[in-house]
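Have a look at the structure below, then the notes.
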Amino acid sequence: MKRLPPAGMNVKIKLFQDYKQYHDTPEYELELPAGTTAGEIVRQLGIKGPELAYLILILKGKRVYDEYVLQDGDELVFAAPIGGG
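In this text, residue positions in the sequence shown follow my numbering: the first is 455, and each later residue adds one.
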């Protein structure tokens, strides 16, 4: 008998810079239903205003956007651009 894949998934969240204020700890894991998008996590955290405008979501070293469907084992990083001069 073939086993069905689990309905849930685990995703690691890493918050940097101003995004640390949105959770008790800057690194944590979430158990999420399959099909959850990166944008749903942004809304769940309540990120708004300037922090939302400058938010960069990074997964495996590449930028992803709100519509990205998270996969089991993903590590989603919340960061802002770093400027210098």
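All C-beta atoms, glycine included, are put in the ideal place defined by N, C-alpha and C.
Predicted, not measured: the structure shown is a model, and the values here were computed from it.
Cβ neighbour criterion (16 or more within 10 Å) applied to residue i
i, result
"ILE469", "The displayed chain sequence assigns Leu, not Ile, to residue 469. Label assigned to LEU469: buried."
"TYR508", "exposed"
"LEU458", "Confidence at LEU458 is low in this model, with a pLDDT of 47, below 50, so the placement of that residue is unreliable and no value is reported for it."
"THR479", "exposed"
"ALA492", "buried"
"VAL518", "buried"
Whole-Å CB distance - residue i paired with residue j, under 8 Å assumed
i, j, result
"ILE501", "LEU530", "The Cβ separation is near 13 Å, so there is no contact."
"GLU505", "TYR473", "7 Å"
"PHE532", "LEU513", "Incorrect: roughly 11 Å between the Cβ atoms, too far for contact."
Beta bridge counterpart(s) of residue i as assigned by DSSP
i, result
"ALA533", "ILE510"
Rounded straight-line distance, which links the Cα of residue j to that of residue i
i, j, result
"LEU499", "GLY537", "25 Å"
"ASN464", "ALA488", "9 Å"
"THR490", "GLY503", "23 Å"
"GLY527", "LEU486", "11 Å"
"TYR522", "GLN471", "22 Å"
"HIS477", "ILE467", "10 Å"
Exercise. Counting only runs that start and end within the stretch 464-526, where is the alpha helix (DSSP H) found for 4 or more residues in a row?
Worked result: The qualifying runs are 492-499, 503-508.
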